[in-house]
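Number of protein chains: 2
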Amino acid sequence: MRIACWQAATHPSDVAGALARLRVRAEQAAAAGARVLVTPEMSLSGYDLGSRRLRELAEPESGPMCGEVARIASESGIAIVHGWPELAGEHVYNSVRLVDADGTGLATYRKTHLFGAIDRSSFSAGDTGVVQAVVDGLTIGLIICYDVEFPELVRAHALRGTELLVVPTALMSPWHFVAETLVPARACESQLFIAYTNWTGRERRLEYCGLTRVAGPDGRVVAIDAGTRDGLLVTDLDPSLIAEVRKETPYLTDRRPELY
Amino acid sequence: MRIACWQAATHPSDVAGALARLRVRAEQAAAAGARVLVTPEMSLSGYDLGSRRLRELAEPESGPMCGEVARIASESGIAIVHGWPELAGEHVYNSVRLVDADGTGLATYRKTHLFGAIDRSSFSAGDTGVVQAVVDGLTIGLIICYDVEFPELVRAHALRGTELLVVPTALMSPWHFVAETLVPARACESQLFIAYTNWTGRERRLEYCGLTRVAGPDGRVVAIDAGTRDGLLVTDLDPSLIAEVRKETPYLTDRRPELY
Numbered sequence: 048m049r050i051a052c053w054q055a056a057t058h059p060s061d062v063a064g065a066l067a068r069l070r071v072r073a074e075q076a077a078a079a080g081a082r083v084l085v086t087p088e089m090s091l092s093g094y095d096l097g098s099r100r101l102r103e104l105a106e107p108e109s110g111p112m113c114g115e116v117a118r119i120a121s122e123s124g125i126a127i128v129h130g131w132p133e134l135a136g137e138h139v140y141n142s143v144r145l146v147d148a149d150g151t152g153l154a155t156y157r158k159t160h161l162f163g164a165i166d167r168s169s170f171s172a173g174d175t176g177v178v179q180a181v182v183d184g185l186t187i188g189l190i191i192c193y194d195v196e197f198p199e200l201v202r203a204h205a206l207r208g209t210e211l212l213v214v215p216t217a218l219m220s221p222w223h224f225v226a227e228t229l230v231p232a233r234a235c236e237s238q239l240f241i242a243y244t245n246w247t248g249r250e251r252r253l254e255y256c257g258l259t260r261v262a263g264p265d266g267r268v269v270a271i272d273a274g275t276r277d278g279l280l281v282t283d284l285d286p287s288l289i290a291e292v293r294k295e296t297p298y299l300t301d302r303r304p305e306l307y
Numbered sequence: 048m049r050i051a052c053w054q055a056a057t058h059p060s061d062v063a064g065a066l067a068r069l070r071v072r073a074e075q076a077a078a079a080g081a082r083v084l085v086t087p088e089m090s091l092s093g094y095d096l097g098s099r100r101l102r103e104l105a106e107p108e109s110g111p112m113c114g115e116v117a118r119i120a121s122e123s124g125i126a127i128v129h130g131w132p133e134l135a136g137e138h139v140y141n142s143v144r145l146v147d148a149d150g151t152g153l154a155t156y157r158k159t160h161l162f163g164a165i166d167r168s169s170f171s172a173g174d175t176g177v178v179q180a181v182v183d184g185l186t187i188g189l190i191i192c193y194d195v196e197f198p199e200l201v202r203a204h205a206l207r208g209t210e211l212l213v214v215p216t217a218l219m220s221p222w223h224f225v226a227e228t229l230v231p232a233r234a235c236e237s238q239l240f241i242a243y244t245n246w247t248g249r250e251r252r253l254e255y256c257g258l259t260r261v262a263g264p265d266g267r268v269v270a271i272d273a274g275t276r277d278g279l280l281v282t283d284l285d286p287s288l289i290a291e292v293r294k295e296t297p298y299l300t301d302r303r304p305e306l307y
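Protein chains in written order, with my numbering: chain A, 48 to 307; chain B, 48 to 307.
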C-alpha cells in the first residue's frame with residue numbers, strides 16, 4: 048500500500064486556495080501510485096485563526112468544502128484525509144474526514160484531546176474514541192495532533208485493529224520531541240503504522256516545524272520529510288510487518304490490564 | 048535529590064563478587080552525595096543464567112543476599128535498589144527491592160511483564176501493580192526492564208504519585224530503541240523521572256548494550272552514560288520540574304479515560 052503525506056505550507060484562511068492546492072497534490076500523489084493522501088490538521092482552513100474566524104469558516108460535513116474534497120478525490124482517484132472546522136449545531140469541532148477514492152465519506156473524527164488555549168478557545172471536544180475505515184483492505188484510524196501524545200488512544204486503535212493511524216497535525220516549535228520521539232514510540236509500542244503529517248511555515252504566533260514522517264510497527268521511521276519544505280512524502284507500507292513484529296514481541300497480549 | 052545509577056559489567060552467577068562490588072559502588076555513590084543507588088535487573092545474580100541455576104541461587108527476602116544488601120546500605124548510608132531471584136514458596140520471581148539507607152526494606156516488586164522465553168522459562172509473573180516507597184520525601188516507584196515498554200504501567204505510577212521510576216534492566220542488542228526512544232517517551236508522556244539502569248558486557252547469548260540514562264518529566268535525558276563502560280552515573284533531580292511541566296502540558300488531566 049503506497050501512501051502520500053502532504054507537508055503543506057500554511058496559507059491561513061484561504062479555503063479556495065487550499066482546495067486548489069489540494070487538487071494539485073491529489074493528482075500528483077495519485078500519479079505517484081499512492082492510494083491515500085494525508086494532509087495536516089485543519090488543512091482546508093488553517094489552524095491558528097482565532098475562534099471568531101474559525102466559526103465564520105466552519106461548515107457541516109454536507110457543506111461545500113467537504114463536497115469539493117469529494118470531487119477532488121473522485122476525479123483524482125485517490126482517498127484523502129483532510130481537516131476542517133466542522134459546524135454541528137452550535138458546536139465547532141476540530142475534525143478530520145477520510146474520503147474514499149470514489150468521493151464517498153468513509154469516516155469523520157472530532158479531536159478528543161484539546162490542546163491548551165488554542166483548541167479550547169475555538170473548538171468543542173469530540174466524544175468518540177476509535178474511528179476507523181477500510182481502504183484497499185487496510186484498516187485506517189483517524190486521530191489529530193495532540194491526541195497522539197496519549198498512548199491510551201493509540202493502544203485502543205491497535206486493540207481494535209487499526210493498521211495505519213493517520214495523524215494530521217499542527218506541531219509548532221519547540222515541540223520537535225513529539226515528532227522525533229513520541230511518534231516512533233507510539234508506533235513501536237502499539238505496533239502499527241503512523242503517518243504524522245504537519246504544516247510548515249508560520250501562522251500568527253506559531254512556527255510549524257514540519258518533521259512529517261511515517262513510522263512503522265517496529266518504531267523505525269520508514270519515511271521522513273527532509274526538514275520544512277512544502278511537498279509530498281510518498282512511501283510504501285507493508286502491512287504484513289505488523290503481524291511479524293507482534294509475533295516477535297507480543298506487546299498486545301503481554302499487557303496485564305488487570306494490574307493497571 | 049542526587050541519585051546514582053550503576054551500569055555494571057556482568058559476572059554471571061557470582062553472588063559474592065556482586066555483593067563485594069556493590070559495597071564499593073555504594074560507598075562511592077554515597078561519597079558523591081547520592082541518596083539512592085540503582086543497579087541493573089537481577090543485579091546480585093546475573094540474569095540469563097537458565098532456570099536451573101536461577102532456582103539454585105534463589106532466596107527469600109529474608110535470606111542472606113538481601114541481608115547483606117541491608118548491611119551495605121546502612122554501612123554506606125545510601126538507599127539501594129537491587130535485583131535478585133526471589134524464592135517464595137515454589138515460585139521464583141524476578142524481583143527488585145528498595146532498601147533504605149538504614150537497612151530497612153521499604154518495598155519489593157516482582158516483574159509483572161515477563162519477556163519472552165528467557166523470563167518465562169525461569170520466573171513466575173508478579174501480580175502487583177504499582178509498588179512505591181518514599182525516600183527523602185521523594186516517591187520512588189519500582190518496575191523492571193520489559194515493564195517500561197508498557198505505557199499503561201508507567202501511567203499508573205504517575206497517577207499514583209511516583210516521582211522517580213527506577214527501572215533496573217537487562218537490555219540487550221539490538222534493542223537500543225528501548226533506551227533511546229521508549230524511555231524518554233515514557234518520561235515525557237507521564238511526566239516523571241525515569242532512571243533506566245542496564246548491564247554492560249556479555250552473558251551467555253546476550254550482549255548488553257549499556258545506554259543507562261535518566262530521563263526527566265519533559266522527556267529530556269538529564270544524564271546519559273557514555274556507551275558501555277562499567278561505572279556510576281550520578282545526577283541531580285529537581286522534583287519541582289514535575290509540577291512545572293504538568294502545569295504547562297497537563298497530560299494527566301487532559302486524558303479522556305472514558306473514551307479508551
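All residues carry an ideal CB built from backbone N, CA and C; glycine is no exception.
As the structure is a computational prediction, the values presented were derived from the model and not from experiment.
Cβ distance (whole Å) where A:S332 is taken to contact A:E74 below 8 Å: Coverage of chain A is limited to positions 48 through 307, which leaves residue 332 of chain A absent and any answer about it impossible.
Meets three-Cβ-pair contact criterion under 8 Å: the region 246-263 of chain A and the region 93-101 of chain A: yes
Through-space distance from A:P87 to A:G257, alpha-carbon basis: 10 Å
Beta-carbon separation (whole angstroms), A:A117 vs A:G152, contact threshold 8 Å: 7 Å
Runs of alpha helix (DSSP H) wholly within the region 107-158 of chain A (minimum 4 residues, chain order): 111-123
Spatially closest choice to B:V195 from A:C235, A:V225 and A:A242, by CA coordinates: A:C235
Three-state class that DSSP yields for B:E210 in the structure shown: coil
Within 8 Å, strictly: CB atoms of B:S90 and B:H129: yes
Residues that DSSP places opposite B:W53 in a beta bridge: B:L279
Nearest-angstrom Cα separation, counted from B:T159 out to B:D174: 6 Å
Cβ pair count under 8 Å reaching 3, the region 52-71 of chain B against the region 270-284 of chain A: no
Backbone CA spacing between B:L239 and B:L185 [nearest angstrom]: 12 Å
CB contact check: B:P231 to chain A, cutoff 8 Å: yes
Beta carbon proximity, A:A203 to chain B, threshold 8 Å: yes
Reduced DSSP category for B:R260 - H, G, I as helix; E, B as strand; rest coil: strand
Close-in-space but distant-in-sequence residues of the same chain around B:A262 (CB under 6 Å, 5 per side omitted): V230, P231, A234, I241 and V268
Residue of B:D149, B:E133 and B:A164 minimising C-alpha distance to B:V143: B:E133
Pairwise C-alpha distance: B:R302 and A:G136: 25 Å
Test: A:G208 CB closer than 8 Å to a CB of chain B: no
Chain-order list of residues whose beta-carbon lies under 6 Å from that of A:P111 (same chain, five-residue window excluded): none
Burial state of A:G208, where buried means 16 or more other Cβ atoms lie within 10 Å: exposed
Residues of the region 262-274 of chain B whose Cβ lies closer than 7 Å to any Cβ of chain A, in chain order: G266
Backbone secondary structure at B:R311 - three-state DSSP: Look at the range of chain B in this structure, 48 to 307, and you will see that residue 311 of chain B is not part of it.
Cβ shell of B:G188 (< 6 Å), same chain only, five flanking positions each side left out: Q179, H204, T209 and L212
Beta bridge counterpart(s) of A:F197 as assigned by DSSP: Partner(s): none; A:F197 has no beta bridge.
Continuous beta strand (DSSP E) stretch holding A:Y243: start and end: F240 to T244
Through-space distance from B:E295 to B:I289, alpha-carbon basis: 10 Å
Chain-order list of residues whose beta-carbon lies under 6 Å from that of A:T275 (same chain, five-residue window excluded): T247 and G257
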